[in-house]
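Read top to bottom, the protein sequences are chains A and B.
Quick note on my numbering: the first sequence kicks off at 52 and runs consecutively.
Quick note on my numbering: the second sequence kicks off at 28 and runs consecutively.
Just so it is clear, CB atoms sit at the ideal spot from N, CA and C, and this is done for glycine as well.
Since this is a predicted model, take the numbers as computed values, not measurements.
Working notes, structure below.
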Amino acid sequence: MSVIDILTRVDAICKKYDKYDVEKQKDLNVAGDDAFARLYAAVEADLESALQKAESASKEKNKASAVAMNAEVRRTKARLLEEVPKLQRLAVKKVKGLSGEELAARNDLVLALPDRIQAIPDGSAPAAKQSGGWAASASRTEIKFDSDGRFDDEYFQQTEESSGFRQEFEMRKIKQATSLTFLQDQGLDMISEGLDTLKNMASDMNEELDRQVPLMDEIDTKVDKAASDLKNTNVRLKDTVNQLRSSRNFCIDIILLCIILGIAAYLYNVLKK
Amino acid sequence: MASSDPNKLMAKADKLTKLSLTRWSADWKSATQLYEQAAIGYRVAKNHEKAKIAFEKASKGQEMLSSPWDAAKHMESAAALAKELGNWTEVADFYKRASELYMVCGRPQPASDALAKGARALEDAVPDEAIQLYTDACSILEEDDKEQMAFDLYRAATCIYIKLEKYTDAATFLLRWGLAADKCSATNSQCKAYLSAIIVYLYAHDFKQAEKCYNDCSQIDVFLRNDHGRCASKLLSAYSEGDIEEIKRLGQSSIISNLDHVIIRLARKLPTGEVSALKTEAAEEHEEPLDENDLT
Numbered sequence: 052m053s054v055i056d057i058l059t060r061v062d063a064i065c066k067k068y069d070k071y072d073v074e075k076q077k078d079l080n081v082a083g084d085d086a087f088a089r090l091y092a093a094v095e096a097d098l099e100s101a102l103q104k105a106e107s108a109s110k111e112k113n114k115a116s117a118v119a120m121n122a123e124v125r126r127t128k129a130r131l132l133e134e135v136p137k138l139q140r141l142a143v144k145k146v147k148g149l150s151g152e153e154l155a156a157r158n159d160l161v162l163a164l165p166d167r168i169q170a171i172p173d174g175s176a177p178a179a180k181q182s183g184g185w186a187a188s189a190s191r192t193e194i195k196f197d198s199d200g201r202f203d204d205e206y207f208q209q210t211e212e213s214s215g216f217r218q219e220f221e222m223r224k225i226k227q228a229t230s231l232t233f234l235q236d237q238g239l240d241m242i243s244e245g246l247d248t249l250k251n252m253a254s255d256m257n258e259e260l261d262r263q264v265p266l267m268d269e270i271d272t273k274v275d276k277a278a279s280d281l282k283n284t285n286v287r288l289k290d291t292v293n294q295l296r297s298s299r300n301f302c303i304d305i306i307l308l309c310i311i312l313g314i315a316a317y318l319y320n321v322l323k324k
Numbered sequence: 028m029a030s031s032d033p034n035k036l037m038a039k040a041d042k043l044t045k046l047s048l049t050r051w052s053a054d055w056k057s058a059t060q061l062y063e064q065a066a067i068g069y070r071v072a073k074n075h076e077k078a079k080i081a082f083e084k085a086s087k088g089q090e091m092l093s094s095p096w097d098a099a100k101h102m103e104s105a106a107a108l109a110k111e112l113g114n115w116t117e118v119a120d121f122y123k124r125a126s127e128l129y130m131v132c133g134r135p136q137p138a139s140d141a142l143a144k145g146a147r148a149l150e151d152a153v154p155d156e157a158i159q160l161y162t163d164a165c166s167i168l169e170e171d172d173k174e175q176m177a178f179d180l181y182r183a184a185t186c187i188y189i190k191l192e193k194y195t196d197a198a199t200f201l202l203r204w205g206l207a208a209d210k211c212s213a214t215n216s217q218c219k220a221y222l223s224a225i226i227v228y229l230y231a232h233d234f235k236q237a238e239k240c241y242n243d244c245s246q247i248d249v250f251l252r253n254d255h256g257r258c259a260s261k262l263l264s265a266y267s268e269g270d271i272e273e274i275k276r277l278g279q280s281s282i283i284s285n286l287d288h289v290i291i292r293l294a295r296k297l298p299t300g301e302v303s304a305l306k307t308e309a310a311e312e313h314e315e316p317l318d319e320n321d322l323t
């Protein structure tokens with residue numbers, strides 16, 4: 052892990068545990084009596100974090116995570132917009148120690164908030180509305196208009212054919228409700244539905260198997276380790292048992308026993324005297 | 028085992044752990060054993076309150092003995108008993124503590140399992156807390172690169188959101204699910220997640236969001252070319268044309284029937300509200316840029 056990684060990690064951890072920092076809390080609680088200031092500070096903090104998220108979303112290369120982050124930003128925006136009316140109500144309230152100009156300033160701040168909230172880019176804002184963004188590709192809705200037209204072209208060819216088929220089908224239906232082709236079509240419809248279900252089940256099975264593969268690898272390694280441990284233990288046990296039963300050790304044991312008895316007898320004799 | 032035995036065991040264990048003039052350090056080893064026996068005795072006697080307390084103390088003892096795994100297991104048992112008692116805050120706390128202990132052991136899988144169990148227990152009583160637990164469990168698994176396991180959790184959390192009728196939150200969560208599926212290349216689940224998100228937005232009668240969502244998701248090739256993507260585009264075009272029959276037909280189609288059953292219920296109820304109103308709105312929007320073009 053490089054120094055930079057360590058630094059970023061430390062920063063993240065510090066930010067996470069900021070709420071335990073007593074001094075910082077004291078600073079934040081300066082506006083403790085003033086409900087407006089507290090709520091406004093909270094909204095500002097949320098705004099900042101939403102902006103940061105939007106920035107990182109725009110830099111994000113992985114499309115799927117960009118989508119998820121954009122959705123988060125949108126959700127935060129909706130929530131903040133709900134808070135604005137509350138702030139407006141609080142802004143008009145008179146708080147002791149506050150001059151008339153500050154009250155007016157607060158009102159302005161609250162009025163400016165909705166614009167700031169809307170200005171947070173969530174990946175779909177038509178940013179260049181006024182500046183002739185017709186050529187620029189910033190406006191998503193315009194792109195959609197274009198691409199929808201293109202896709203519709205391609206698809207439309209197909210739908211011409213298929214609408215032709217459908218018309219034929221309807222005509223035949225009207226003419227002969229019990230003709231063979233009608234039954235065939237019905238049968239084919241049912242087959243296609245069954246195939247859809249099969250396809251869905253097959254993909255689910257595929258994903259499930261993908262999920263099981265790393266688990267099986269883990270089981271494999273663990274069982275291998277356990278087997279080798281067992282083998283080791285068995286070999287050591289065999290050695291120990293063999294050692295206990297070897298005849299050499301028995302002779303040594305008997306000789307030592309005789310020596311000890313001899314020494315004991317000698318001492319007994321000496322002490323008896 | 029008579030029911031007085033657990034009481035005696037508890038009393039003995041408490042004496043062993045209480046510090047006094049004659050005892051300068053608590054004997055956690057024997058105390059933990061006694062706590063465990065007492066807890067099992069209480070559980071057999073169906074005395075949930077005392078069993079829960081005994082399990083808590085046993086868990087604390089195991090922590091003192093530096094075996095977080097056993098401590099976590101005892102915490103889980105205590106949490107299960109708290110659930111029987113209906114003490115929801117304690118349930119949440121215990122499961123969270125158990126999860127932390129599992130993480131200390133370095134085993135994220137049981138940690139997230141513990142949180143998932145807690146969330147399931149709290150689903151009916153305190154759904155917000157349950158959602159929080161599910162989110163935490165998902166993050167633990169994602170940090171460990173095991174997103175595949177998180178799919179069930181995402182599904183359960185989405186169901187709770189929809190039950191609470193918090194549709195934007197549900198859709199955001201579905202998009203997070205799509206992200207997790209993308210990381211482990213589970214394309215089928217990813218496309219299903221995106222289609223479900225679009226359906227949720229449409230059900231909440233938020234056509235603009237649904238369009239934005241579709242635009243975002245069509246950046247991802249897999250979704251664009253997939254059946255689900257085509258179904259989504261058909262749905263949106265049916266909405267913009269105000270074609271109620273088409274919407275109903277798509278709602279019955281087999282692609283939607285392969286999604287999660289909660290989403291199927293929503294899809295069958297489409298369209299909600301006035302579809303023709305959306306048609307005129309969409310037409311107006313498209314006129315504006317053309318006007319600017321005339322000016323420039």
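Handout entry: Three-state secondary structure (DSSP) of Q246/B
Key = coil
Practice task
Look at the Cβ atom of L92/B, then the Cβ atom of W55/B, and state whether they are nearer than 8 Å.
Solution key: yes
Problem - Pick from N215/B, S47/B, I158/B, K173/B that is closest to D255/A, judged by C-alpha positions - result: N215/B
Exercise for the section: Would you please verify whether the beta carbon of T185/B is less than 8 Å from any beta carbon of chain A? Expected result: no
Handout entry: Proximity test, Cβ basis, 8 Å: N285/B and chain A
Key = yes
Problem - Distance, C244/B Cα to V118/A Cα - result: 7 Å
Problem - Pairwise C-alpha distance: A105/A and A122/A - result: 10 Å
Practice task
Specify the secondary structure class of E76/B as computed by DSSP and reduced to three states.
Solution key: helix
Handout entry: Whole-angstrom C-beta distance between A259/B and I225/B, which should lie under 8 Å
Key = 5 Å
Practice task
Helix, strand or coil for I171/A, going by three-state DSSP, please let me know.
Solution key: Correct three-state label for I171/A: coil.
Handout entry: Closer than 8 Å to chain A by CB, C244/B
Key = yes
Practice task
Indicate whether at least one CB of chain B lies closer than 8 Å to the CB of D197/A.
Solution key: Bear in mind that the predicted position of D197/A carries a pLDDT of just 46, short of 50, making it unreliable; the figure below should be weighed with that in mind. Cβ-Cβ to chain B under 8 Å: no for D197/A.
Exercise for the section: Kindly list, in the order they appear in chain B, the residues whose Cβ is closer than 8 Å to that of R89/A. Expected result: Near R89/A there are no residues of chain B at all, since even the closest Cβ is about 22 Å away, more than 8 Å.
Exercise for the section: Along the alpha helix (DSSP H) that carries Y62/B, what are the first and last residues, could you check? Expected result: 55–71
Practice task
Assuming V94/A contacts L164/A (C-beta within less than 8 Å), just tell me the rounded distance between them.
Solution key: With a Cβ gap of about 7 Å, V94/A and L164/A count as contacting.
Problem - Cβ neighbour criterion (16 or more within 10 Å) applied to Y266/B - result: buried
Problem - Residue nearest to I67/B in terms of C-alpha spacing, selected from H232/B, E90/B, L48/B, H101/B - result: The shortest Cα separation from I67/B among H232/B, E90/B, L48/B, H101/B belongs to H101/B.
Practice task
Write down the C-beta distance between I282/B and D254/B rounded to the nearest angstrom, noting that I regard them as a contact closer than 8 Å.
Solution key: 5 Å
Exercise for the section: Return yes when the Cβ of R134/B is within less than 8 Å of the Cβ of D287/B, no when it is not. Expected result: It is not a contact, given that the beta carbons lie outside the stated cut-off.
Exercise for the section: Decide if V274/A is buried, meaning its Cβ has at least 16 other Cβ atoms within 10 Å, or exposed. Expected result: exposed
Practice task
Could you tell me whether any Cβ in chain A is nearer than 8 Å to the Cβ of Q159/B?
Solution key: no
Practice task
Report the residues of the region 105–139 of chain A with a CB closer than 8 Å to any CB of chain B, ordered along the chain.
Solution key: Listed by position along the chain: N113, K114, A115, S116, A117, V118, A119, N121, A122, E123, R125, R126, A129.
Handout entry: Within chain B, the residues that S254/A reaches when beta carbons sit closer than 7 Å
Key = N215
Exercise for the section: Could you say which of E150/B, K110/B, W115/B, A106/B lies nearest to S3/B if we only look at CA atoms? Expected result: Given a span of 28 to 323 for chain B in the structure shown, any question on residue 3/B remains unanswerable.
Handout entry: Any C-beta of chain A under 8 Å from that of E314/B
Key = The pLDDT assigned to E314/B is 47, lower than 50, so where the model puts this residue is not dependable; a value taken from the coordinates is nonetheless given after this. Answer no: the Cβ-Cβ gap between E314/B and chain A never drops below 8 Å.
Practice task
For chain B, find out if any of its Cβ atoms is closer than 8 Å to the Cβ of D290/A; answer yes or no.
Solution key: Not an interface residue.
Practice task
Taking C-beta pairs closer than 9 Å, name the residues in chain B that T248/A reaches, listed in chain order.
Solution key: For the C-beta of T248/A, the chain B residues within less than 9 Å are, from N- to C-terminus, S281, S284, N285.
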